[in-house]
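Student:
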Amino acid sequence: MSRWVVSGREGLKAGVSGESDGPIDRVVKYVPAEVVSAYTLLFSALVAMKLPPNQRPELVAVGLIGVFVIVTIAYIGTKTPPGATRKAHLLVSPLSFIAWSYPISSALLGEWFIGLASFVLQAVVVALSLFVKPRD
Numbered sequence: 043m044s045r046w047v048v049s050g051r052e053g054l055k056a057g058v059s060g061e062s063d064g065p066i067d068r069v070v071k072y073v074p075a076e077v078v079s080a081y082t083l084l085f086s087a088l089v090a091m092k093l094p095p096n097q098r099p100e101l102v103a104v105g106l107i108g109v110f111v112i113v114t115i116a117y118i119g120t121k122t123p124p125g126a127t128r129k130a131h132l133l134v135s136p137l138s139f140i141a142w143s144y145p146i147s148s149a150l151l152g153e154w155f156i157g158l159a160s161f162v163l164q165a166v167v168v169a170l171s172l173f174v175k176p177r178d
């Protein structure tokens, strides 16, 4: 089983043998778990620093999210096979990272965290994961 969402074509043309990924497989594979794990590690260290309000911890948290969105794009650009798979991941995975990192960051975002926005963003990512299928 591939770490990346598999093209809708079977056989050698798809780059792997077997069937394409189903909806649940795509939801899981579009989340950049490697990047989310590194982000969570650094964010936890940031929370442990207990930054005073004059150092604007919400801006630091947003900056960290921004850096890791770029990391997500770079990671996908270098690790995914070229073609439809890469394009699909470049569309969905950065949004997926934001959908998971935003609620993780709620401890420092304070008033900038809006629970409904987090819910909607996660719903959009799940919907994209269900409908975005790479095709060669």
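Okay, so the sequence shown: first residue is 43 according to this note's numbering, each after it adds one. Positions of the beta carbon are idealized from the N, C-alpha and C atoms, including for glycine.
Does F161 pass the burial test, meaning 16 or more other C-beta atoms within 10 Å, or should it be called exposed?
Tutor: Numbered from 1 along the sequence shown, position 119 holds the residue referred to as residue 161. That one is exposed.
Student: Using DSSP with H/G/I as helix, E/B as strand and the rest coil, what is T136?
Tutor: Within the sequence shown, the letter at position 94 stands for residue 136. It should be pointed out that residue 136 corresponds to Pro in this sequence rather than to Thr. Helix, per DSSP.
Student: Throw me the rounded Cβ distance for the L88 and L106 pair, which I believe falls under 8 Å.
Tutor: Residue numbering aside, residue 88 sits at position 46 when the sequence shown is read from its first letter. Residue numbering aside, residue 106 sits at position 64 when the sequence shown is read from its first letter. L88 to L106, Cβ: 7 Å. Contact.
Student: Measuring straight from C-alpha to C-alpha, what distance separates L172 and G64?
Tutor: Your numbering for residue 172 matches position 130 in the sequence shown. Your numbering for residue 64 matches position 22 in the sequence shown. If you take the alpha carbons of L172 and G64, they lie about 8 Å apart.
Student: Buried or exposed for P136, please, with buried defined as at least 16 other CB atoms from any protein chain shown within 10 angstroms of its CB.
Tutor: Position 94 of the sequence shown holds residue 136. Label assigned to P136: buried.
Student: Return the chain-ordered list of same chain residues with a C-beta closer than 8 Å to the C-beta of I140, the five sequence neighbours on each side being excluded.
Tutor: By one-based count along the sequence shown, residue 140 stands at place 98. The residues are I107, V111 and L163.
Student: Buried or exposed: where does K29 fall if 16 or more other Cβ atoms within 10 Å of its Cβ makes it buried?
Tutor: Any property of residue 29 remains undetermined from this structure, which presents the chain solely from 43 to 178.
Student: Could you check which residue in S86, L150 and Y144 has the C-alpha nearest to that of V97?
Tutor: In the sequence shown, residue 97 corresponds to position 55, counting from 1. Sequence check: residue 97 is Gln here, not Val. Of the candidates S86, L150 and Y144, the one whose C-alpha sits nearest the C-alpha of Q97 is L150.
Student: Would V134 and V69 be called neighbours here (beta carbons separated by less than 7 Å)?
Tutor: Against the sequence shown, residue 134 aligns to sequence position 92. Against the sequence shown, residue 69 aligns to sequence position 27. It is not a contact, given that the beta carbons lie outside the stated cut-off.
Student: For V48 and V104, what's the separation of their Cα atoms in angstroms?
Tutor: Along the sequence shown, one-based indexing puts residue 48 at 6. Along the sequence shown, one-based indexing puts residue 104 at 62. Approximately 32 Å between the Cα atoms of the pair.
Student: Is it the case that the Cβ atoms of K143 and Y81 are separated by a distance below 7 Å?
Tutor: As a first step, residue 143 is located in the sequence shown; it is residue number 101 there, counting from the start. As a first step, residue 81 is located in the sequence shown; it is residue number 39 there, counting from the start. Going by the sequence as given, residue 143 is Ser instead of Lys. Yes, the pair counts as a contact, with Cβ atoms nearer than the cut-off.
Student: For Y117, collect the residues of the same chain with a Cβ closer than 8 Å to its Cβ; drop the 5 residues on either side in sequence, then sort them by chain order.
Tutor: For the purposes of this step, residue 117 is taken as the residue at position 75 of the sequence shown. The answer, listed in chain order, is P74, E76 and V77.
Student: Return helix, strand or coil for T122, following the three-state DSSP convention.
Tutor: Start at 1 with the first residue of the sequence shown, and residue 122 comes out as number 80. Here T122 sits in coil by DSSP.
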